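Asks: The letter at position 29 of the sequence shown is residue 213 when you use the numbering used here, and the numbering goes up by one with no holes.
The beta-carbon is built from N, C-alpha and C at its ideal position, and this holds for glycine as well.
Treat the numbers as computed from the prediction; the structure is a model and nothing was measured.
Dropping a structure here in structure tokens format, bear with me for questions.
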Amino acid sequence: MTDYKSLRVTQQDRIAHIQINRPGKVNAMDSAFWTDIITAFQWVDTTDTIRVVVISGAGDHFSAGIDLSLLAQAAGRMGNDIGRNAEVIRGNILRLQDSFNAVDRCRKPVIAAIHGYCLGGAIDLISACDMRYSTADARFGIKEIDMGMAADVGTLQRLPHLIGDGIMRELAYTGRVFDGCEAERIGLVNRVHDNHQQLMERVMVIASDIASKSPLAIRGTKEMIRYARDHSVEDGLNYIASWNAAMLQSEDLKVAMAAHMTKTTASFAD
């Protein structure tokens, strides 16, 4: 397996566990993180034995967001020409966006398990995940506004599909920090848990349940949900009709039906 600098990546049965692994730096996202996350999700996408992904943070926090030293380095490379500076900055932003696009586009469901800080760029990351669970005392915040900038790696584009537009604007405009209980109330997380151990245990149960399903059916379901987010109802219905014209011929359908009728547990090929 790849030697990651900012992540700890393991496979437990059919679950990939990707941990942000800079606990001494509050799991801040340094330069290595942005390339590591793409590499990790390329591995997930091409490894058929993996059916679901869990993302968490090592130590006491999920992530405090982008490492500020990374921003300082970028500022130090600026020259005197505004146009050329803008081209460099735009390229850097697009490169960072690619990292979380890899999470969003992953063929397998991605679950975020959040404890401690989940700030700034970490909100961009969890917004790209399929589902989010947290501890009650987790701390969330869209903190880019307090650094004099607009969030630019996915929060403002994906979060409105997860929570109401008004509350999203409040959080983005104020940068205020809120806890896991409020995150559950506004729909950012599916459920809160009392502590980190309980959180990880419950998330792994959910991941195992998903991993037991037909991988083709899960793949199709995720693809349709993503497509519907960005297209009309009519477009989505047409797409699922074309998709299932092929997928309903899969052996998985026969296996699932047989298991259902005999009240046994289905076993699907990777």
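How close, in whole Å, do the beta carbons of S253 and F246 come, if the pair is a contact with beta carbons under 8 Å?
Replies: Rounded, the Cβ-Cβ distance is 19 Å, inconsistent with contact.
Asks: Given a threshold of 16 other Cβ atoms within 10 Å of its Cβ, counted over all protein chains shown, does E435 qualify as buried or as exposed?
Replies: Exposed.
Asks: Which same chain residues end up closer than 8 Å to Q226 when comparing Cβ atoms and leaving out the 5 residues on each side of it in sequence?
Replies: Around Q226: A286.
Asks: What are the start and end residues of the beta strand (DSSP E) that includes A297?
Replies: That run of the beta strand (DSSP E) goes V294 to I298.
Asks: Along the beta strand (DSSP E) that carries I204, what are the first and last residues, could you check?
Replies: Segment I199 to I204, the beta strand (DSSP E) holding I204.
Asks: Considering only residues of the segment 191 to 257, which uninterrupted beta strand (DSSP E) runs meet the minimum length of 3 residues and lie entirely inside it, listed in chain order?
Replies: Complete beta strand (DSSP E) runs here, min 3: 191 to 196, 199 to 204 and 236 to 241.
Asks: Tell me whether H292 is buried or exposed, calling it buried when 16 or more other Cβ atoms sit within 10 Å of its Cβ.
Replies: The residue asked about is misnamed: residue 292 is Lys in this sequence, not His. With 16 or more other Cβ atoms within 10 Å, it is buried.
Asks: What does DSSP give as the partner residues of Y301 in its beta bridges?
Replies: Y301 is bridged to R323.
Asks: In the DSSP assignment, find the unbroken beta strand (DSSP E) run with H377 in it and report its ends.
Replies: It spans R375 to H377 - the beta strand (DSSP E) in which H377 sits, taken as one unbroken run.
Asks: Short of 7 Å in beta carbon distance, which residues of its chain neighbour G420, apart from the five on each side in sequence? Order them along the chain.
Replies: So the list reads M408, Y411 and A412, once near-sequence residues are dropped.
Asks: Three-state secondary structure (DSSP) at Y411?
Replies: Helix.
Asks: Enumerate in chain order the residues of its own chain whose CB-to-CB distance from I370 is below 6 Å, with the five nearest sequence positions on each side excluded.
Replies: Once the five neighbours on either side are set aside, the close Cβ partners of I370 are I347 and I351.
Asks: Verify whether the separation of the beta carbon atoms of P207 and G249 is less than 8 Å.
Replies: No.
Asks: Does at least one heavy atom of the ligand HEM sit under 7 Å from the Cβ of E407?
Replies: Within the structure as shown, the ligand HEM is missing, as the structure has no ligands at all.
Asks: Please identify the residue among Y357, F324 and L343 whose C-alpha is closest to the C-alpha of A334.
Replies: It is Y357.
Asks: Considering only residues of the same chain and omitting the five flanking positions on each side of R342, which have a CB-CB separation below 7 Å?
Replies: Cβ within range, chain order: S311 and A312.
Asks: Write down the C-beta distance between I390 and I295 rounded to the nearest angstrom, noting that I regard them as a contact closer than 8 Å.
Replies: Sure, about 7 Å apart at Cβ, within 8 Å.
Asks: What are the residues that DSSP puts in a beta bridge with M315?
Replies: I295, per the DSSP bridge assignment.
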